[in-house]
């Protein structure tokens, strides 16, 4: 409850910034009459496409390492609006009242164009979402704006057609997941000021301060040297804030007016004009022998990136590369993907980042395979799983360096498929397994700076963003473990582009694994510096001293105070006539992305009359290496499981024929709360990852992936009907039960 979030610390004299949004899914703005709006008392400025060069270089709002795989397809304000909610004008004024009044007085004329709303028809459609000449793809990801392609990729190994032809059983299914919202409690928000030196200071609820600086520079066409981005506490992100959704608009206002400004997205804006999960349709073929050995997997993913390409080329890869590798005995695989533009709001990063959709498809297909072979779904996985030391298929040739997946599969005792509870209710169980990654291989960078202060306490500076995940605590724990001090003696500062060491940001399950390792190495380096200065004060060689967290002493000195010097005295001595810096910076990037693994099992109660499905129990076993902080890891797991259950049962997205989203509030878009779910039990099966800090891998994303196939399979066991599209609403279940009863009759 303390005032530490963006809106709590924004200057009181900020101009209020709001956005006029398009009512059409596809249109050209022909004219904007802002004369009446400008006469409203308190209005400072109104900017439209006429203020922004339409032939200038475009940019992407995706927070990714440069050069971004996401295409440069945005302008700050574009004359061509591409979804219902796209920006038509930026309005800045003294207060909300005058800005709201001005928004109503702006008169816009549109040339309405036919929208492209069906992503299955988008590829090579005559309607082009991005026909402009200055569209640009910096990385060869198979993008072609003249075909509505944001990305295309093909990869594989072995002759999958031959393997499937010779398989004794083949599951051939198409799965569909929708564009789920992250629904973090704190909506998108940013405030901007001009500092003493004329630089643009941006304070935002963001996961990616360094990427954000580049994005603002590209959008406003001003030098990065003139921009500083920092973040206070963040009220949740889940990937939504890996995209610079809000920052560029107040940044432009402040840069043009030289006055403080802020933008606070309403919940409705966060629902209709943000970056939700990519809608995907996934065609999976799984071939196996009669003993349940999976011989081949063929996968085609069609992903809907919406009006802009943020994260489109990268999310789609995880749908195959984080699902196929689980099945280590496959002789062949093929993974083909297309990412297409449509006239819906653009998609972006959301916890799981494409793996969630892919694992729903592959794990559901394997569950169906197990049922057809009359095998226990746990048993069929035990026969097929990748194990420690194996080269993982479809995982970029990486070896599985740490793995407790086999132990995660044991321990679920009540494997009954279904039982009648009376009163028209049945209980059934289902399961699924999952993997993710730990950072992006040879791309993500984590850094840490540690400084010894007078009195001997430490300052830890990081560029990673704690967004409620607890990374400030975890990184401080890692430093404290190495430095043999209490966590209270570590001050954590971050993230600020002016003062923090470079960090890619908090995404891709990278913070503990990548930045945590940098902290560990940095703390070891500081220990060396402390010993070096301490040895100088003791007038002995550096190799003769040891540091115990409180003092440096000569080996063998015991309690001889003449043979030791305290950390406080060392810190004090560093400030006078000293040439040994008690400060160190370490940067870390990993050539490996060791996957965490998870197995989840759901017990679901289904009311066969109303179709209501409720998760009574959820059991999960997680291999995240060796957890640095088991309590925080458990909370991550429980939260991710809850989100996965919501995606499976209640979180629905529907558009009308004009491309307008119906679920624009939390009244319509139903996320589960703690009281909606029964008991969640999380256990850790620890492996040890040498490349991680103290054996740790990631946990942030893998935990959302198992509820989709597990709950879906439980509903099949309860109703006898398989569902291939999410969410599985009560209406769908009730109608399926009625149809099945009709067939049986």
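Residue numbers (the working numbering): 1119 to 1863.
Every residue, glycine too, gets a C-beta built ideally from N, C-alpha and C.
If you're wondering where the values come from, they're calculated on a predicted model, not measured in any experiment.
query                                                                                                                 : result
Coil, strand or helix - residue 1513 by DSSP                                                                          : coil
First and last residue of the uninterrupted beta strand (DSSP E) at residue 1421                                      : 1412-1424
Within the region 1230-1276, ranges of the beta strand (DSSP E) (whole runs, at least 3 residues)                     : 1267-1275
Length at least 3, wholly inside the region 1124-1195: the beta strand (DSSP E) runs in chain order                   : 1133-1139, 1145-1151, 1161-1165
Whole-Å CB distance - residue 1487 paired with residue 1287, under 8 Å assumed                                        : 7 Å
Residue 1224 versus residue 1382: straight-line alpha-carbon distance, rounded                                        : 20 Å
Residue nearest to residue 1256 in terms of C-alpha spacing, selected from 1264, 1269, 1235                           : 1269
Nearest-angstrom beta carbon gap, residue 1421 and residue 1457 [assumed within contact, 8 Å]                         : 4 Å
Runs of beta strand (DSSP E) wholly within the region 1716-1800 (minimum 3 residues, chain order)                     : 1731-1741
Every unbroken alpha helix (DSSP H) within the region 1482-1566, with a cutoff of 4 residues, ordered by chain        : 1495-1502, 1523-1526
Three-state secondary structure assigned by DSSP to residue 1299                                                      : coil
Contact with chain D by residue 1367, beta-carbon distance below 9 Å                                                  : No chain D appears in the structure shown, which is made up of a single protein chain.
Proximity winner among 1808, 1857, 1766, 1776, relative to residue 1842 (alpha-carbon distances)                      : 1766
Selected residue, minimal CA-CA separation from residue 1273, among 1808, 1333, 1831, 1438                            : 1438
Residue 1540 classed as buried or exposed, judged by whether at least 16 other C-beta atoms fall within 10 angstroms  : exposed
Residue span of the alpha helix (DSSP H) that contains residue 1215, given as start and end                           : 1214-1223
Whole-angstrom distance between residue 1830 and residue 1762, CA atom to CA atom                                     : 11 Å
Proximal residues to residue 1608 (C-beta, below 7 Å), its chain only, five neighbours per side dropped               : 1576, 1578, 1594, 1597, 1598
Coarse secondary structure for residue 1429, derived from DSSP in three states                                        : coil
Status (buried if at least 16 other CB within 10 Å, exposed otherwise) for residue 1694                               : exposed
Own chain partners of residue 1640 with C-beta closer than 6 Å, once the 5 adjacent residues on each side are dropped : 1566, 1568, 1702, 1704
Test item: CB-CB of residue 1166 and residue 1147 under 9 Å                                                           : yes
Reduced DSSP secondary structure (H/G/I, E/B, other) of residue 1388                                                  : helix
Top-ranked residue by Cα proximity to residue 1431, from 1562, 1454, 1410, 1411                                       : 1454
Burial state of residue 1515, where buried means 16 or more other Cβ atoms lie within 10 Å                            : exposed
Closest Cα partner of residue 1395 within the set 1328, 1542, 1771                                                    : 1771
Residues sharing a beta bridge with residue 1830, DSSP                                                                : None; residue 1830 has no bridge partner.
For residue 1808, the residue or residues it bridges with in DSSP                                                     : In DSSP, residue 1808 forms no bridge with anything.
Burial state of residue 1290, where buried means 16 or more other Cβ atoms lie within 10 Å                            : exposed
Segment limits, alpha helix (DSSP H) that includes residue 1359                                                       : Note, residue 1359: premise wrong, no alpha helix (DSSP H); not H, not E.
Burial state of residue 1510, where buried means 16 or more other Cβ atoms lie within 10 Å                            : buried
Cβ neighbours of residue 1490 in the same chain (closer than 7 Å, five flanking residues each side left out)          : 1287
CB contact flag (residue 1410, residue 1403, <9 Å)                                                                    : no
Simplified DSSP state of residue 1439, which is helix, strand or coil                                                 : helix
Beta-bridge partners of residue 1706, as assigned by DSSP                                                             : 1564
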